[in-house]
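A.B. asks: The following block contains the structure, expressed as structure tokens.
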Amino acid sequence: MKVTIICSSLEPAQDGVGDYSRLLAESAQHLGHSIQLISINDHVNSSESQPYGSLHRFSGDYSDAQIAAKITNEIDQWTPDCVSLQFVPFGFHPKGIISKLIPFISTIRKNRTLNIMMHELWIRNEEATPLKHRLLGLLQKRQITRALRTWSPDTIHTSNHHYQNLLKASGHTSQLLPLYGNIPIAPAPDKAALLEALNLQIAPTDKIVLFPFSQHERWEPITLLDRLQEIAKKEQANLALIQIGRSPTLKLHWPQIAEYANSVGWKCAILGEQSDTRISELMQISDGGISAGSALIARKSGAVLSMLEHGLPVLCSSAVYKHDWHDYSEPSILAAEEPNSQIHARLWSKPRAAPESKRQQITDQWLSDLQLNSNGR
Numbered sequence: 116m117k118v119t120i121i122c123s124s125l126e127p128a129q130d131g132v133g134d135y136s137r138l139l140a141e142s143a144q145h146l147g148h149s150i151q152l153i154s155i156n157d158h159v160n161s162s163e164s165q166p167y168g169s170l171h172r173f174s175g176d177y178s179d180a181q182i183a184a185k186i187t188n189e190i191d192q193w194t195p196d197c198v199s200l201q202f203v204p205f206g207f208h209p210k211g212i213i214s215k216l217i218p219f220i221s222t223i224r225k226n227r228t229l230n231i232m233m234h235e236l237w238i239r240n241e242e243a244t245p246l247k248h249r250l251l252g253l254l255q256k257r258q259i260t261r262a263l264r265t266w267s268p269d270t271i272h273t274s275n276h277h278y279q280n281l282l283k284a285s286g287h288t289s290q291l292l293p294l295y296g297n298i299p300i301a302p303a304p305d306k307a308a309l310l311e312a313l314n315l316q317i318a319p320t321d322k323i324v325l326f327p328f329s330q331h332e333r334w335e336p337i338t339l340l341d342r343l344q345e346i347a348k349k350e351q352a353n354l355a356l357i358q359i360g361r362s363p364t365l366k367l368h369w370p371q372i373a374e375y376a377n378s379v380g381w382k383c384a385i386l387g388e389q390s391d392t393r394i395s396e397l398m399q400i401s402d403g404g405i406s407a408g409s410a411l412i413a414r415k416s417g418a419v420l421s422m423l424e425h426g427l428p429v430l431c432s433s434a435v436y437k438h439d440w441h442d443y444s445e446p447s448i449l450a451a452e453e454p455n456s457q458i459h460a461r462l463w464s465k466p467r468a469a470p471e472s473k474r475q476q477i478t479d480q481w482l483s484d485l486q487l488n489s490n491g492r
């Protein structure tokens, strides 16, 4: 099968959905399929051949007649069986306004099978959300639901039950397609040798809590740290907090985290950007991971999925929306507001799962769903 994947940007290591699209293309090629990757809101113009097919990056306004014609021509020459849109509203417009995207996708689709992967939806209308963002979210929701009615895609995928329920409430049926981690699993490291190589003075009895990559600007870490302290006291454990990976918000959060850790006698280390191999090794020797996001939508995060694939339980510091508890049931993803006894039982008392990549299995499911709907046309 030939598939054209459309996303907003394909800048390596700078766009999570773009990186996901590249990995998806590589995995599909291993299964005997050909993929064309196209980014339509990039910052460069380039084309290159890849083992899985071809890659084309377009900058500028994709609704401009000349640019749209170039993109359409690339797709028509490729003659795909299916077009797959990797959808993130803010990827196509700074405020997530997709009024130009709606006619564009309708034009390039023609009579081809259309798949939409909803990586993100609209801004939630929550009490804590600023009014201007809530109003923007209402506009986004109206445009996204109109887009889905207009496009009438053959398949809608999303990564979590919460988004699936929101789509259902707006009149659209979707299928779950889990994401996979973006950190390949390295050979199991020797813990003592790894800690020595990283110059980390961590005792064998210390619990290592990993903070991978970045946390969003509005994240407030103190509440989470207080919960960790309560759990550590019950366990009678000392913690070692380790930050790893590129993080634009490093200077915003980590002085506060380091000060807190020092006040309660924890160790704290900031490692910053590291190789994928080193990140994988650290995930394998850690005892738990942290996400600044909500447990409800944790499965849309490549960092969270990487920790889960490495067998790490993940504690999410943002609250689960109270009226959405019925959506939430994850054995390895913990919400900060759960009772301490439940967090304790699932964070450190539960046996670790062996590291296992889900990438090929999920790619196979994606292709099967596309083929099923393509054959039905």
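Position one of the sequence shown corresponds to residue 116 (our numbering), numbered consecutively onward. Yeah, the Cβ is synthetic: ideal placement off N, Cα and C, and Gly gets one too.
Which residues in the same chain have their Cβ closer than 8 Å to the Cβ of residue 338, if we skip the five residues on either side of it in sequence?
C.D. replies: Contacts found: 432, 451.
A.B. asks: Quick one: Cα of residue 217 to Cα of residue 122, how far?
C.D. replies: Rounded to whole angstroms, residue 217 to residue 122 spans 14 Å at the Cα level.
A.B. asks: On the DSSP bridge list, what partners appear for residue 384?
C.D. replies: For residue 384, which the question treats as bridged, DSSP gives the partners 357.
A.B. asks: Rounded to whole angstroms, what's the CA-CA distance from residue 326 to residue 342? Just pull it up for me.
C.D. replies: Answer to the nearest angstrom: the Cα atoms are 15 Å apart.
A.B. asks: Helix, strand or coil for residue 407? Go by DSSP, reduced to three states.
C.D. replies: In this structure, residue 407 counts as strand in the three-state DSSP scheme.
A.B. asks: Is it buried or exposed for residue 408, if we count other Cβ within 10 angstroms and need 16 for buried?
C.D. replies: Classification of residue 408: buried, given that the 10 Å Cβ count is 16 or more.
A.B. asks: Exposed or buried, which one is residue 133 when buried takes at least 16 other CB atoms within 10 Å?
C.D. replies: It is buried - the Cβ of residue 133 has at least 16 other Cβ atoms within 10 Å.
A.B. asks: If distances are taken between C-alpha atoms only, which option among 247, 420, 187, 197 comes closest to residue 210?
C.D. replies: Taking only the C-alpha atoms, the option nearest residue 210 is 247.
A.B. asks: Would residue 173 and residue 186 qualify as a contact pair, given that the criterion is a beta-carbon distance under 8 Å?
C.D. replies: Their beta carbons are under 8 Å apart, which means residue 173 touches residue 186 by this criterion.
A.B. asks: Confirm, please, whether the CB-CB distance from residue 316 to residue 359 is below 8 Å.
C.D. replies: Not closer than 8 Å, so no.
A.B. asks: State the Cα-Cα distance for the pair residue 140 and residue 354, rounded to the nearest angstrom.
C.D. replies: C-alpha separation (whole angstroms): 40 Å.
A.B. asks: Considering just the uninterrupted stretch of the alpha helix (DSSP H) at residue 157, what are its terminal residues?
C.D. replies: No alpha helix (DSSP H) contains residue 157, which is instead part of the beta strand (DSSP E) from 149-157.
A.B. asks: With a cut-off of 8 Å on the beta carbons, I'd call residue 383 and residue 356 a contact; round off their distance for me.
C.D. replies: Indeed, because the Cβ distance is near 5 Å, the residues count as touching under 8 Å.
A.B. asks: Out of 257, 130, 297, state which residue places its alpha-carbon closest to the alpha-carbon of residue 285.
C.D. replies: Looking at the Cα atoms, 257 is the closest of the given residues.
A.B. asks: Quick one: any contact between the segment 318-335 and the segment 276-290, if contact means 3 or more CB pairs under 8 Å?
C.D. replies: No: the two stretches stay apart, fewer than three of their Cβ pairs being nearer than 8 Å.
A.B. asks: Please report the Cβ distance between residue 138 and residue 479, rounded to the nearest whole angstrom; I am assuming they are in contact, meaning their Cβ atoms lie under 8 Å.
C.D. replies: That belief does not hold up - the Cβ atoms of residue 138 and residue 479 are roughly 14 Å apart, past 8 Å.
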